[in-house]
Amino acid sequence: MMTKRLSHDEALRFLLGCHLTRAQALKVLKRLTERTDSPFSESDLRAEAKKEKAKTTPRHWPPEPALPSTRDDGPDFGF
């Protein structure tokens, strides 16, 4: 299966479509440019976007619910 090759501008648009911020997308492009010249393959871009996204996503997402308060606020009058 032949993957589509993208120019620098197309690669940037592709990365922005992967829900990366512009700064993250440019960081990924810089990293890929250091390894290979343009054109970029979609599979390489997708893999790098996934790595970049994993760096910024909290590990425990969604966050666990907060524990109920153990503080005694006095009697509850039902207001």
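Going by the working numbering, the sequence shown opens with residue 263, and the numbers climb by one from there. Built from N, CA and C at the ideal position, the CB exists for glycine as well.
An exposed status is given to E296, since fewer than 16 other beta-carbon atoms sit within 10 Å of its beta-carbon. Distances from the alpha-carbon of A311 to those of R284, R267 and K266 put R284 closest. For F276, the uninterrupted alpha helix (DSSP H) segment begins and ends at H270 to G279. Ranked by Cα distance from S305, the options K315, L288, F276 and T318 are led by F276. Relative to the Cα of R267, the nearest Cα in the group V290, R308, P301 and K292 belongs to P301.
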